[in-house]
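In the working numbering, the protein residues as written are 2 to 169.
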């Protein structure tokens, strides 16, 4: 691993320390303001640091207030760092409509980060993220086979109608 890769890897390590504080407002130490977070289906893309912190992290921290994550595998090449691992947390409050269990969960993830140098700053600018949301459902007690069969047996319009009925 070359010096650039070591430096990029250290940036991701430092960012994890910040993430594991489970508070908003500290990600600017690691991310450029115009960053893009390409989240998984069900969460979506967050453009800009403010959207990332307020539209994603705020709810995530609320639902998993004691979350700790660390990569099990990490690779670095050029401007890119990739990692996969687990976040462990108490599922304290509902998340993405999934009822909280109050129990510890282990959430798998995979991240691909891109680092840039600008105006003397060395920060993250892009993140492609996969989160095992189905694994969260399973740990919350859902039978995934039944859930997937149910979802697959209904047209998309069925779920739009459910949203309209719930709204009002």
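Just so it is clear, CB atoms sit at the ideal spot from N, CA and C, and this is done for glycine as well.
On a predicted model such as this, the values are computed, not experimentally measured, just so you know.
Taking the CB atoms as reference points, tell me whether residue i and residue j lie closer together than 9 Å.
| i | j | result |
| --- | --- | --- |
| residue 33 | residue 117 | yes |
| residue 35 | residue 126 | yes |
| residue 128 | residue 115 | yes |
| residue 65 | residue 132 | no |
| residue 21 | residue 80 | no |
Once DSSP output is grouped into helix, strand and coil, what is the label at residue i?
| i | result |
| --- | --- |
| residue 107 | strand |
| residue 92 | coil |
| residue 16 | helix |
| residue 133 | coil |
| residue 25 | coil |
| residue 143 | coil |
Report buried or exposed for residue i, applying the criterion of at least 16 other Cβ atoms within 10 angstroms of its Cβ.
| i | result |
| --- | --- |
| residue 145 | exposed |
| residue 150 | exposed |
| residue 42 | exposed |
| residue 2 | exposed |
| residue 167 | exposed |
Take residue i and list the residues in its own chain whose beta-carbon comes closer than 6 Å to its own, dropping the five residues that flank it on each side.
| i | result |
| --- | --- |
| residue 134 | 43 |
| residue 70 | 88 |
For residue i, I'd like the list of residues in its chain whose CB is within less than 7 Å of its CB, leaving aside the five on either flank, ordered along the chain.
| i | result |
| --- | --- |
| residue 19 | 27, 28, 30 and 31 |
Whether or not the region 49-56 and the region 86-106 are in contact is what I'm after, with contact meaning three or more pairs of Cβ atoms, one per stretch, closer than 8 Å; do they touch? no
Would you say the region 70-80 touches the region 38-47, given that touching needs at least three Cβ pairs under 8 Å? Output reads no: the region 38-47 does not touch the region 70-80.
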